Structure formats: structure tokens, C-alpha cells
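Trainee:
Chains as they are written, first to last, in the numbering used here: chain A, 126 to 448; chain B, 126 to 448.
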């Protein structure tokens with residue numbers, strides 16, 4: 126089997142060679158722009174690595190890997206409209222660059238392109254893979270709707286939050302992993318276990334994302350504290366709200382829109398409360414717990430342990446266990 | 126085979142029994158609202174009637190028929206955002222009732238639901254039907270983009286306009302008809318001919334829609350002259366622009382935004398030019414031509430003539446030949 130670098134470059138090649146017509150230009154140019162935007166290609170890597178657990182001929186999984194990545198990028202296009210986000214991976218978002226209508230319609234075309242790639246999987250596997258993809262895609266939409274619902278809600282519980290990110294983030298990782306396993310010829314039982322693995326990994330991954338947004342990491346090119354400034358209900362915020370007394374809660378609720386504070390002060394105020402309530406350590410515990418559950422599920426697959434080694438070390442590279 | 130009324134009620138039943146979860150409410154309620162909005166179910170009827178040319182067991186085509194109708198309604202949801210349209214079939218559009226973000230995300234979920242319905246077609250047919258559906262869906266997006274492009278363009282030719290409506294309107298009718306034929310077991314050659322039939326029928330249908338918008342018809346519940354008031358580049362407008370002298374052209378270009386005119390006066394001015402240039406008769410000729418071509422293609426199928434009778438009379442019911 127190829128190295129991760131080789132897999133990644135096979136994915137990039139496959140994405141780069143998707144044929145888009147030149148016209149209508151405003152429909153297709155944003156798709157190419159979006160797919161060339163990089164990212165770590167986490168989801169297609171999961172497709173390839175999951176296939177590799179069950180077969181040495183992983184090339185057959187490339188169209189499905191590309192389909193999952195194109196779908197993911199479609200969700201970013203539409204999410205950026207809904208979130209009014211002008212920057213994506215350090216470049217103007219499609220929404221900011223071409224406007225709302227182009228972002229809506231190119232996004233639609235992109236979702237269709239994802240299904241077109243999916244239709245290239247081996248025909249006998251298509252019904253099962255299409256069903257898995259559809260269920261995954263709907264879950265992602267449900268997660269995005271809950272995320273928007275939370276903006277309007279006064280109080281969100283940790284359980285509700287975990288359910289939301291399981292849909293919005295983990296479902297796509299789980300779908301990718303199961304689809305890869307199906308291409309590799311996995312049994313139903315192994316697919317079920319890999320789904321569990323990826324759901325837990327996704328939760329660890331999203332919670333780490335929440336933690337890094339406020340506590341930073343040199344690997345990320347983003348500014349620190351974005352979630353705090355937006356008043357976003359992240360795992361940190363929700364946990365802090367559930368542990369704070371009323372005066373602290375009031376600060377958590379209002380700091381981000383307090384015009385008398387600078388951005389740095391807003392961030393410092395909120396983080397002081399997080400720190401006092403031990404929130405970063407609690408988040409780190411949750412990340413560790415979810416990650417260990419994920420790895421434990423990987424042990425239960427019906428294959429020799431050596432076959433899961435690549436997936437295990439890839440998962441480890443995603444989650445920083447030293448914090 | 127059942128009567129058209131029975132087919133229609135089978136379609137309505139199938140649409141009504143699609144299971145949507147109750148939550149998240151803002152994701153799923155608009156889908157139910159949109160699908161309950163009625164319309165003549167033209168596209169699923171084409172699926173069923175096309176299947177009926179080749180088999181007496183048309184029930185198998187119901188999921189595909191529902192998929193095409195759900196996809197059509199998805200396009201309306203997103204088109205209404207892009208066109209800023211607040212009314213759809215006499216009721217508030219999803220966009221007007223729930224806002225832009227809900228219309229984007231519910232539309233996305235609706236497209237996924239269309240693919241979920243499609244995945245219920247008999248497995249051996251799925252690769253071919255999925256490919257047909259994907260190609261059709263992309264064409265519809267291309268048509269919508271060209272339609273938006275035309276709003277910004279000074280001059281649109283009749284050829285460009287016909288190409289646009291072939292993508293935006295006819296492609297969906299053609300996809301529906303071919304998918305129905307595939308479920309019925311049609312040969313590749315018969316599918317190709319039925320595609321031609323539906324493309325021509327779609328052009329006749331859209332040109333008739335353009336004509337009725339300005340010249341009215343008691344069957345339609347809409348106000349007359351909407352296209353003129355929006356300054357839309359319809360077949361009538363484009364044909365008139367290509368035949369008018371410069372003073373008339375100036376009126377055609379500017380009447381809809383002339384603040385000194387009432388709506389009725391704007392409509393009357395433009396229609397006076399249409400009439401003087403014989404535009405309604407030219408449109409009627411085009412409709413007739415396209416419709417006759419469609420019927421002629423139907424004659425060339427490899428089945429007994431009696432099997433195409435239902436489709437022929439349904440097509441006749443769509444196009445008013447007496448004008």
C-alpha cells in the first residue's frame with residue numbers, strides 16, 4: 126500500500142482531473158476555486174485508509190474519496206453564506222468573491238458533482254454506498270440546522286451540543302470511513318464498528334477544534350479567540366455556562382458584545398473564567414476519552430491488527446494527545 | 126394501466142408518505158410545505174407515462190417519479206432565493222416565509238431526499254438512472270446560471286435563449302421521460318428518441334409559458350404581464366428586440382422602469398410593440414413547430430403505436446393548439 130503522501134497526491138490528482146465545462150463560467154469556476162483551496166483532505170484520506178484495512182487495491186476507492194471531499198466543500202460553500210463568512214482557508218470565500226447567488230447555485234452543482242463521482246463506484250456496491258452517502262448527507266444538514274438553531278437559543282446543554290457536532294462533523298467522517306470500508310469489501314459488522322470509530326474520532330476532532338480556537342496552536346494559521354468574539358456556543362462556552370455562578374455567567378453571555386472592551390480584553394475576560402472553572406482541562410479529558418474510545422473500537426475489527434495500523438497512526442496524527 | 130387521475134393520485138400518495146423526521150423542525154417543515162404546494166406534477170407524470178410505454182407494471186416507477194418531483198421543488202426553493210421571489214403557487218415561498226438560510230439548507234436537504242428516493246429504483250438499473258439524473262440535474266443548474274447571466278447582458282439572441290430554456294426547463298422533462306423509460310425497460314435507442322421528444326415538448330411548453338404570461342389564459346391563476354414588469358428577457362421580448370427599430374427598442378428596454386407609467390401602461394406599451402411586430406403569432410408558430418416535432422419523434426419508437434397514445438394525449442393536454 127502507498128504511503129500517506131502517495132494517497133494524498135492520488136486524491137489531489139483525482140480532484141484536479143474532474144472535468145468541468147468552461148461555460149457557464151460563473152457556475153463552474155467557483156467549484157474549481159473551492160476544490161483547489163486545499164485543506165488536509167481528512168475525509169477522502171479516511172475513505173482511502175478504511176478501504177486499505179480490507180484490500181490492498183485501494184485505487185478503486187478514489188472516486189468515492191473524491192465524492193466525499195466534493196460534498197464537504199459543497200457544505201462549506203453554503204455554510205459560508207449562512208454564516209456570512211468572508212474568509213475560507215485564508216482566501217476569500219466563494220460567497221465573498223462571487224456573491225450569494227453564485228455561491229448557492231455553484232454549491233448545488235457541486236453537490237451534484239459529488240453524486241456523479243459516487244456513481245463511478247463498482248456497480249454492485251452502488252445501492253449500499255449511495256444509501257450510506259444519502260444518510261450521511263442528511264445528517265450533515267441536520268447538524269447545520271441545529272447549529273443555527275443554537276444561535277437563537279438561550280441555553281444549550283452539553284448533551285445537545287454533542288448531538289449537534291455528531292451530526293455536523295462526525296457524520297461526514299463516519300460516512301467517509303464506512304464508504305471506504307464498503308469499497309474495500311468489509312462486512313456489515315465491521316462497517317458498523319468503523320462507523321462507531323469515526324463518530325468518536327469526529328467528536329474528539331471537533332472538541333479539539335473548539336479548544337484550539339481559544340487556546341491556540343501554532344499548526345493553525347487562524348487568529349485565536351474567533352469563537353469567543355462571535356459569542357459562539359462551543360463546548361468550552363457551554364461547559365463554562367453550566368459551571369459558572371450568575372455573575373460569571375453574565376460576563377460569558379455579554380462580553381463579546383460589550384462595546385467598552387477591546388477584542389483582546391473580551392477574549393481575556395472569557396478565558397479567565399474558562400481557566401477558573403477548569404474548562405480547558407475538562408475539554409482535554411473529553412477529547413482523550415473520545416479518542417481512546419475510537420482506538421478501542423478499531424481493535425475489535427475482524428482483521429489482523431497490522432491492517433489497522435495505518436488508520437490508527439493517521440488518527441493519532443489528528444489528535445494531539447500531549448496537551 | 127391506470128387513468129391519468131389514478132397515476133396522479135399514486136404520485137401524490139407517494140410524495141405524501143415520504144418520511145421526514147419532526148426535528149430539526151426548520152429543516153424538514155419547509156420540505157413538507159413545498160411538496161404539499163401542488164402544481165400539476167408534470168415531471169412525475171412524464172416518468173410514469175414513459176414507463177407505461179414499455180411496461181404495464183408502472184408502479185416500479187413511482188420512487189423515480191417522486192425523486193424527479195422532489196428535485197424540481199428543490200430547484201424552485203433555491204430559484205426563489207436567487208430571484209427574490211416571495212410568492213410560489215399563490216402561497217408565500219419558503220424563502221419569504223422562513224428566510225434565506227432556511228431556504229438554502231432545506232433546499233439542500235430536499236436535493237438529498239431526491240437522491241434517496243432515486244436509490245429505491247431496481248438495483249440493476251441504478252447506475253444508468255443515477256447517471257441520467259446527475260446529467261439532468263447539472264443541466265438544470267447550467268440553465269439557471271445562463272438565465273441569471275442574461276439579466277446582466279445587454280443583448281441575448283434567440284439561439285442563446287432557446288439554449289438556456291433547453292437546459293433550464295427541457296432538460297428536466299427529458300431526464301424525467303428517459304428515467305421513466307429506463308424503469309420500463311426501454312432500449313437505448315428508444316431512450317434517445319424519447320429524450321428528443323421531451324426536449325421539444327419542453328421548448329413548446331416554455332414558449333407557451335412566455336406567451337401566456339403576457340397574453341393570459343384563464344387556466345393560470347397568475348396576473349398578466351409579470352414578465353414585462355420585471356423587464357425579463359423572454360422569447361417575446363428577445364424576438365421583438367431583434368425586429369424593432371431603434372425607437373421601439375428603446376421603449377422595450379426602458380418601459381418597465383419608467384416611473385411615469387402605471388403598471389397597466391407599461392404592459393400596454395410593450396404589448397403594442399409585440400403586436401405591431403407580429404410577435405405573438407411568431408411565438409405561436411414556434412410552439413406549434415416544436416410540439417409537432419415532439420409528436421413526430423414519438424411515432425418513431427420501436428413499440429406499437431397504441432402504446433404511445435397515452436403520452437401523446439397527455440402532451441396534447443399541455444399545449445394549447447387552438448391559439
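Note that the Cβ used here is the ideal one computed from N, Cα and C, for glycine as well.
These numbers were taken from a predicted model, which means no experiment stands behind them.
Pick out whichever of A:208, A:396, A:261 and A:389 has its Cα sitting closest to the Cα of residue 337 (chain A).
Mentor: Translated into positions along the first chain, residue 337 (chain A) becomes position 212. Here the closest residue by C-alpha is A:396.
Trainee: What is the rounded straight-line gap between the Cα of residue 442 (chain B) and the Cα of residue 200 (chain A)?
Mentor: Counting from 1 along the second chain, the entry for residue 442 (chain B) is found at position 317. Counting from 1 along the first chain, the entry for residue 200 (chain A) is found at position 75. Taking the straight line from one Cα to the other gives about 41 Å.
Trainee: Work out the CA separation of residue 273 (chain B) and residue 281 (chain B) for me, nearest whole Å.
Mentor: Reading the second chain from its first residue, position 156 is the one you call residue 281 (chain B). Reading the second chain from its first residue, position 148 is the one you call residue 273 (chain B). If you take the alpha carbons of residue 281 (chain B) and residue 273 (chain B), they lie about 12 Å apart.
Trainee: Give a yes or no on whether the C-beta atoms belonging to residue 307 (chain A) and residue 265 (chain A) are separated by under 8 Å.
Mentor: Along the first chain, read from residue 1 onward, the residue named residue 307 (chain A) stands at position 182. Along the first chain, read from residue 1 onward, the residue named residue 265 (chain A) stands at position 140. Cβ atoms of residue 307 (chain A) and residue 265 (chain A): not closer than 8 Å.
Trainee: Since residue 226 (chain A) and residue 207 (chain B) should fall inside the 8 Å C-beta cutoff, what is the C-beta to C-beta distance between them, to a whole number of angstroms?
Mentor: Taking the first residue of the first chain as 1, we reach residue 226 (chain A) at position 101. Taking the first residue of the second chain as 1, we reach residue 207 (chain B) at position 82. Going by Cβ atoms, the distance from residue 226 (chain A) to residue 207 (chain B) rounds to 5 Å, so yes, they are a contact pair.
Trainee: When you compare the CB of residue 206 (chain B) with every CB in chain A, is at least one pair closer than 8 Å?
Mentor: As a working note, residue 206 (chain B) is residue 81 in the second chain. True, the Cβ-Cβ gap to chain A drops below 8 Å.
Trainee: Less than 8 Å between CB atoms is the rule here; does residue 405 (chain A) satisfy it with respect to chain B?
Mentor: As a working note, residue 405 (chain A) is residue 280 in the first chain. Not closer than 8 Å to any Cβ of chain B, the Cβ of residue 405 (chain A) fails to qualify, so no.
Trainee: Can you tell me where the alpha helix (DSSP H) holding residue 358 (chain A) begins and where it ends?
Mentor: As a working note, residue 358 (chain A) is residue 233 in the first chain. Element bounds for residue 358 (chain A): n/a, residue is neither H nor E.
Trainee: Give the interface partners of residue 270 (chain A) over in chain B, defined as CB-CB distance under 7 Å, in chain order.
Mentor: In the first chain, counting from the first residue as 1, residue 270 (chain A) sits at position 145. The answer, in chain order, is 149, 151, 152 and 230.
Trainee: In chain A, what lies closer than 9 Å to residue 385 (chain B) by C-beta?
Mentor: As a first step, residue 385 (chain B) is located in the second chain; it is residue number 260 there, counting from the start. Result: empty, since nearest Cβ-Cβ is about 31 Å, beyond 9 Å.
Trainee: Taking the alpha helix (DSSP H) that residue 268 (chain A) falls in, what are its first and last residues?
Mentor: To locate residue 268 (chain A), count along the first chain from 1; it is residue 143. Element bounds for residue 268 (chain A): 251-277.
Trainee: Taking only beta-carbon positions, decide if residue 431 (chain A) is within less than 8 Å of chain B.
Mentor: As a working mapping, residue 431 (chain A) is identified with position 306 in the first chain. Not an interface residue.
Trainee: Does the beta carbon of residue 237 (chain A) sit closer than 8 Å to a beta carbon anywhere in chain B?
Mentor: Stepping through the first chain from its first residue, residue 237 (chain A) is reached at position 112. True, the Cβ-Cβ gap to chain B drops below 8 Å.
Trainee: Near residue 153 (chain B), which residues of its chain fall below 8 Å by C-beta distance, leaving aside the five closest residues on each side in sequence?
Mentor: Residue numbering aside, residue 153 (chain B) sits at position 28 when the second chain is read from its first letter. Excluding residues within five positions, the ones whose Cβ falls inside 8 Å are 145, 146, 147, 231 and 234.
Trainee: For residue 405 (chain B) and residue 369 (chain B), what's the separation of their Cα atoms in angstroms?
Mentor: Taking the first residue of the second chain as position 1, residue 405 (chain B) is located at position 280. Taking the first residue of the second chain as position 1, residue 369 (chain B) is located at position 244. Approximately 14 Å, taken between the alpha carbons.
Trainee: Could you name each continuous alpha helix (DSSP H) segment of 4 residues or more that falls completely within the region 148-190 of chain B, going from the start of the chain to the end?
Mentor: Fully enclosed alpha helix (DSSP H) runs of 4 or longer: 150-160 and 167-179.
Trainee: Could you give the DSSP three-state label for residue 212 (chain B): helix, strand or coil?
Mentor: Here residue 212 (chain B) refers to the residue found at position 87 of the second chain. Reduced to three states, the DSSP call for residue 212 (chain B) is strand.
Trainee: Which same chain residues end up closer than 7 Å to residue 425 (chain A) when comparing Cβ atoms and leaving out the 5 residues on each side of it in sequence?
Mentor: Within the first chain, the letter at position 300 stands for residue 425 (chain A). 318.
Trainee: So with Cβ pairs under 8 Å, would you call residue 267 (chain A) a contact of chain B?
Mentor: Numbered from 1 along the first chain, position 142 holds the residue referred to as residue 267 (chain A). Residue 267 (chain A) counts as touching chain B.
Trainee: Using only alpha-carbon positions, find the residue among A:387, A:254 and A:262 that is nearest to residue 196 (chain A).
Mentor: As a working note, residue 196 (chain A) is residue 71 in the first chain. Answer by Cα proximity: A:262.
Trainee: Taking the straight line between their C-alpha atoms, what separation do you get for residue 437 (chain A) and residue 177 (chain A)?
Mentor: As a working note, residue 437 (chain A) is residue 312 in the first chain. As a working note, residue 177 (chain A) is residue 52 in the first chain. Each residue's Cα considered, the two are about 12 Å apart.
Trainee: Show which residues of chain A have a CB atom less than 7 Å away from the CB atom of residue 241 (chain B).
Mentor: Within the second chain, numbered from 1, the residue matching residue 241 (chain B) stands at position 116. Near residue 241 (chain B) (Cβ distances below 7 Å), the residues of chain A are 259.
Trainee: Taking the alpha helix (DSSP H) that residue 421 (chain A) falls in, what are its first and last residues?
Mentor: Position 296 of the first chain, counting from 1, holds the residue named residue 421 (chain A). Its alpha helix (DSSP H) spans residues 404-424.
Trainee: Determine, using beta carbons only, whether residue 322 (chain B) and residue 294 (chain B) come nearer to each other than 8 Å.
Mentor: Mapped onto the second chain, residue 322 (chain B) falls at position 197. Mapped onto the second chain, residue 294 (chain B) falls at position 169. Their beta carbons are not under 8 Å apart, which means residue 322 (chain B) does not touch residue 294 (chain B) by this criterion.
Trainee: Return the CA-CA distance between residue 253 (chain B) and residue 422 (chain A), expressed in angstroms with no decimal places.
Mentor: Counting from 1 along the second chain, the entry for residue 253 (chain B) is found at position 128. Counting from 1 along the first chain, the entry for residue 422 (chain A) is found at position 297. Approximately 37 Å, taken between the alpha carbons.
Trainee: Exposed or buried, residue 259 (chain A), counting other C-beta atoms within 10 Å across all chains shown (16 or more means buried)?
Mentor: On the first chain, residue 259 (chain A) is found 134 positions in, with the first residue counted as 1. Buried is the call here.
Trainee: To the nearest angstrom, how far is it from the Cα of residue 163 (chain A) to the Cα of residue 356 (chain B)?
Mentor: Within the first chain, residue 163 (chain A) is the residue found at index 38, counting from 1. Within the second chain, residue 356 (chain B) is the residue found at index 231, counting from 1. Residue 163 (chain A) and residue 356 (chain B): Cα-Cα distance of roughly 42 Å.
Trainee: On the DSSP bridge assignment, give the partners of residue 217 (chain A) in chain order.
Mentor: Numbered from 1 along the first chain, position 92 holds the residue referred to as residue 217 (chain A). A:212, per the DSSP bridge assignment.
Trainee: Taking DSSP as the reference, what is the three-state secondary structure of residue 386 (chain A)?
Mentor: The count along the first chain starts at 1 and reaches residue 386 (chain A) at position 261. In the structure shown, residue 386 (chain A) sits in coil (DSSP, three-state: anything other than H, G, I, E or B).
Trainee: Using 8 Å as the limit for Cβ to Cβ distance, is residue 198 (chain B) near chain A?
Mentor: Residue 198 (chain B) sits at position 73 when you count from the first residue of the second chain. No, no contact with chain A.
Trainee: Quick check: the region 370-383 of chain A against the region 309-318 of chain A, are there 3 or more CB pairs under 8 Å?
Mentor: Touching, no.
Trainee: Mind pulling the chain B residues with CB within less than 7 Å of residue 244 (chain A)?
Mentor: Numbered from 1 along the first chain, position 119 holds the residue referred to as residue 244 (chain A). Neighbours of residue 244 (chain A) on chain B, chain order: 252, 255, 256 and 259.
Trainee: Spatial neighbours of residue 392 (chain B) within its chain, please: C-beta separation below 8 Å, excluding the five flanking residues on both sides.
Mentor: Stepping through the second chain from its first residue, residue 392 (chain B) is reached at position 267. For residue 392 (chain B), where only same-chain residues beyond five positions count, the Cβ hits under 8 Å are 339, 349, 350, 353 and 354.
Trainee: Counting contacts by CB-CB distance shorter than 8 Å, is residue 203 (chain A) in contact with chain B?
Mentor: Translated into the one-based positions of the first chain, residue 203 (chain A) becomes position 78. Yes, because at least one Cβ of chain B sits closer than 8 Å to the Cβ of residue 203 (chain A).
Trainee: To the nearest angstrom, how far is it from the Cα of residue 410 (chain B) to the Cα of residue 362 (chain B)?
Mentor: Position 285 of the second chain holds residue 410 (chain B). Position 237 of the second chain holds residue 362 (chain B). The straight-line gap from Cα to Cα measures roughly 16 Å.
Trainee: Among the residues of its own chain, which have a CB less than 7 Å from the CB of residue 151 (chain B), if the five just before and after it don't count?
Mentor: Taking the second chain and counting its residues from 1, one reaches residue 151 (chain B) at position 26. Answer for residue 151 (chain B): 223 and 227, listed in chain order.
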